[in-house]
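To keep things clear, I will list the structure first and then write my remarks on it.
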């Protein structure tokens with residue numbers, strides 16, 4: 001199955017690419033959003049892309065709604081596009097959302113855990129960690145749910161942020177490997193669940209200690 005991927009200068013994007021390469025699930029094309037000056041991950045990402053000879057194009061920007069980037073995405077042959085953009089950015093382009101399947105992994109069980117830092121909220125409330133992969137729409141963490149997995153608790157909770165990136169990557173790979181089946185089973189849901197905001201550091205500390 002052919003797909004493209006949108007990456008940013010982040011550890012998450014690097015984990016996505018690294019796992020995709022490991023399982024030999026290569027994207028046909030990569031759109032690189034070159035915005036934040038995280039030179040370490042930018043270098044790792046570009047080195048990996050170059051080493052594996054994957055076609056790519058870099059854009060100076062952090063938002064796919066930018067008309068230059070939007071036009072380029074719409075001209076891609078691939079309908080399936082993995083999204084690994086910068087945090088806090090909502091894709092609002094109706095053209096992209098209507099014409100492409102934009103796949104996103106979220107470390108929370110949707111629709112119950114929408115919003116930010118939900119990995120900590122599920123730890124605090126349930127002592128569980130979830131990851132959901134879905135087809136994005138214009139609302140935060142909403143769209144057709146493709147795959148939900150309950151992951152084991154991490155022993156070294158100091159490394160939870162990297163664990164977050166790794167399980168998102170695993171969900172993406174599983175979804176790409178089984179996309180046609182998962183899409184047939186996919187479902188949307190009513191947008192009537194609460195939205196979680198960035199967890200206070202004290203609550204985060206409590207969640208990790210539970």
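Numbering (our numbering), first residue to last: 1 to 210. Here a beta-carbon is modelled for each residue, glycine too, at the ideal position from N, C-alpha and C.
Do residue 66 and residue 59 have their beta-carbon atoms positioned less than 9 Å apart in this structure? Yes. Within cutoff.
Would residue 167 and residue 129 qualify as a contact pair, given that the criterion is a beta-carbon distance under 9 Å? Pairing residue 167 with residue 129 gives a Cβ-Cβ distance under 9 Å.
Would you mind reading off the limits of the beta strand (DSSP E) that contains residue 13? From DSSP, residue 13 is part of no beta strand (DSSP E) but of the alpha helix (DSSP H) over 11-22.
Is the separation between the beta-carbon of residue 182 and that of residue 124 shorter than 9 Å? No, Cβ-Cβ distance for residue 182 and residue 124 is not below 9 Å.
For residue 56, the three-state DSSP class (helix, strand or coil): In the three-state scheme derived from DSSP, where H, G and I count as helix and E and B as strand, residue 56 is classed as strand.
Check the DSSP bridge columns for residue 130 and list the partner residues they point to. Residue 130 is bridged to 150.
Between which two residues does the beta strand (DSSP E) harbouring residue 239 extend? There is no way to answer for residue 239, as the model of the chain reaches only from 1 to 210.
What whole-angstrom Cβ distance do residue 13 and residue 45 have, given they're in contact under 8 Å? That pair is a contact at about 6 Å.
Nonlocal neighbours in the same chain, by C-beta distance under 6 Å from residue 163, ignoring five residues either side: 154.
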